[in-house]
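J.:
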Amino acid sequence: MKYNPFTKLFLILATSSHAAASAILFPLYIYPFQDVPCGGWTDVIDTVKANPNLPFHLVINPDSGPGGLANSQPNSDWTGCIPQLKSANVKLFGYVHTTNGSQPQSAVNANVTTYAGWSASYRPHGIFFDESPVTAGANLTYMQALVGHARSLFGTSSPVILNPGRATDPGYYSFANLILSAENFYSAFSTSQLSFSTSTPASKQAVVLHHGPAVTDSNLVRELVSTDKIGAIFLTSQEYTTIPPDWNNFVNLVQADSQ
Ligand SMILES: *[C@@H]1O[C@H](CO)[C@@H](O)[C@H](O)[C@H]1NC(C)=O
Ligand SMILES: *[C@@H]1O[C@H](CO)[C@@H](O)[C@H](O)[C@H]1NC(C)=O
Ligand SMILES: *[C@@H]1O[C@H](CO)[C@@H](O)[C@H](O)[C@H]1NC(C)=O
725 MKYNPFTKLF LILATSSHAA ASAILFPLYI YPFQDVPCGG WTDVIDTVKA
775 NPNLPFHLVI NPDSGPGGLA NSQPNSDWTG CIPQLKSANV KLFGYVHTTN
825 GSQPQSAVNA NVTTYAGWSA SYRPHGIFFD ESPVTAGANL TYMQALVGHA
875 RSLFGTSSPV ILNPGRATDP GYYSFANLIL SAENFYSAFS TSQLSFSTST
925 PASKQAVVLH HGPAVTDSNL VRELVSTDKI GAIFLTSQEY TTIPPDWNNF
975 VNLVQADSQ
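This is the structure in structure tokens:
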């Protein structure tokens with residue numbers, strides 16, 4: 725057989741991939757324009773580029789949804805800054821909410837359709853469904869239909885994150901890429917609240933905690949990232965409307981524990 729340099733290159737690429745690291749999941753509920761264009765996001769843009777091997781899932785949220793009228797484009801504060809967040813290690817998610825399965829399906833779908841209609845340079849990769857339900861039965865069928873609608877527009881393998889903020893029926897794991905099985909005040913969380921199984925694997929779970937200590941709890945990061953190999957985490961001493969003051973240290977801890 726003749727030597728084929730392309731086959732060789734492919735083998736090198738295929739075998740050099742790292743073990744999957746935990747991602748950082750930032751509910752980036754920050755208006756991009758602060759003092760200067762994109763000033764509210766500068767620290768995130770810089771950190772993403774400085775950590776090219778670490779996956780980042782960033783949730784874009786203009787106004788508890790895409791903002792504006794149905795099928796509209798966002799204003800230039802968004803269209804100018806979202807492209808700066810995009811990078812090979814970033815997945816961007818458009819925010820919608822289901823209020824525990826009580827939002828009309830048509831209302832959620834309309835917002836998803838609006839995000840999908842954004843021009844390619846600032847369109848998200850997929851959807852983040854906040855306040856998603858947890859029970860089997862009608863709520864599960866509803867959520868599956870919403871995700872089906874999103875994937876019909878963003879692509880059949882487009883990423884989907886569900887945020888019930890607590891444990892769900894395992895059925896939700898069959899169609900979600902990631903589920904926030906805990907979203908809480910830092911002081912109300914314990915790792916004993918998490919449960920992992922083949923149908924609810926750690927790699928598909930995320931933990932997001934707010935109002936934590938000023939300096940990130942490095943033992944908790946190590947447990948979630950090194951021991952549990954959780955899919956994604958976010959820890960902040962604040963709410964989601966500011967960059968955590970300890971942001972760079974937090975990211976460095978996740979990076980170090982992902983080795
Ligand atoms: C849809 O988006 C609008 C505008 O951002 C928002 O006010 C509304 O709450 C959203 N509804 C849902 C169900 O996501
Ligand atoms: C969803 O239901 C849970 C459990 O009943 C409740 O704690 C929570 O406040 C509800 N969330 C919303 C957005 O209605
Ligand atoms: C989901 O469950 C909640 C709480 O039981 C209920 O109010 C809501 O109507 C359900 N939604 C659907 C789509 O079945």
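To get the numbering used here, take the position in the sequence shown, counting from 1, and add 724.
Every residue gets a Cβ at the ideal spot worked out from N, C-alpha and C, and that includes glycine.
Just so it is clear, the structure is predicted and the values come from calculations on it, not from any experiment.
If contacts are defined as beta-carbon pairs under 8 Å, then ALA930 and ILE903 qualify, I think. What distance do you get, rounded to the angstrom?
T.: In the sequence shown, counting from the first residue as 1, residue 930 sits at position 206. In the sequence shown, counting from the first residue as 1, residue 903 sits at position 179. Approximately 7 Å separates the beta-carbon atoms of ALA930 and ILE903; this is inside 8 Å, confirming the contact.
J.: Helix, strand or coil for LEU877? Go by DSSP, reduced to three states.
T.: By 1-based counting over the sequence shown, the position of residue 877 is 153. In this structure, LEU877 counts as helix in the three-state DSSP scheme.
J.: For ligand 5, which residues count as neighbours when the test is a C-beta closer than 7 Å to any heavy atom?
T.: Among the ligands in the structure shown, ligand 5 does not appear; only ligand 1, ligand 2 and ligand 3 can be found there.
J.: Consult DSSP for ILE806 and reduce its assignment to one of helix, strand or coil.
T.: Here residue 806 is taken as the residue at index 82 of the sequence shown, counted from 1. Three-state result, ILE806: helix.
J.: In whole angstroms, give me the CA-to-CA distance for ASN863 and PHE750.
T.: The residue labelled residue 863 in the question sits at position 139 within the sequence shown. The residue labelled residue 750 in the question sits at position 26 within the sequence shown. So the two alpha carbons sit approximately 26 Å from each other.
J.: Measure how close the beta-carbons of THR837 and LEU877 come, nearest whole angstrom, since I'm counting them as under 8 Å.
T.: As a position in the sequence shown, residue 837 is number 113, starting the count at 1. As a position in the sequence shown, residue 877 is number 153, starting the count at 1. At roughly 6 Å, the Cβ-Cβ gap stays under 8 Å, so THR837 and LEU877 are in contact.
J.: So, using beta-carbon positions, are VAL932 and ASP893 closer together than 9 Å?
T.: Along the sequence shown, read from residue 1 onward, the residue named residue 932 stands at position 208. Along the sequence shown, read from residue 1 onward, the residue named residue 893 stands at position 169. Not a contact, by the Cβ cut-off of 9 Å.
J.: Counting only the same chain and skipping the five closest in sequence on each side, list residues whose C-beta sits under 8 Å from that of LYS928.
T.: The residue given as residue 928 occupies position 204 in the sequence shown. Answer for LYS928: TYR897, ALA900, ASN901, LEU902, ILE903 and GLY955, listed in chain order.
J.: Is it true that the CB of ALA834 sits closer than 9 Å to the CB of ALA794?
T.: Locating residue 794 in the sequence shown gives position 70, where the first residue counts as 1. Locating residue 834 in the sequence shown gives position 110, where the first residue counts as 1. Yes; because the gap between Cβ atoms is below 9 Å, this pair is in contact.
J.: In whole angstroms, what is the alpha-carbon distance linking GLN808 and ILE769?
T.: The residue you call residue 808 lines up with position 84 of the sequence shown. The residue you call residue 769 lines up with position 45 of the sequence shown. Near 7 Å, if we compare the C-alpha coordinates of ILE769 and GLN808.
J.: Identify the continuous alpha helix (DSSP H) that holds ALA980 and give its terminal residues.
T.: As a working note, residue 980 is residue 256 in the sequence shown. ALA980 -> alpha helix (DSSP H) spans 971 to 981.
J.: Mapping DSSP to helix, strand and coil, what is SER741?
T.: By 1-based counting over the sequence shown, the position of residue 741 is 17. For SER741, the predicted model reports a pLDDT of 41, less than 50, meaning its position is unreliable; a value from the coordinates is still stated below. Coil.
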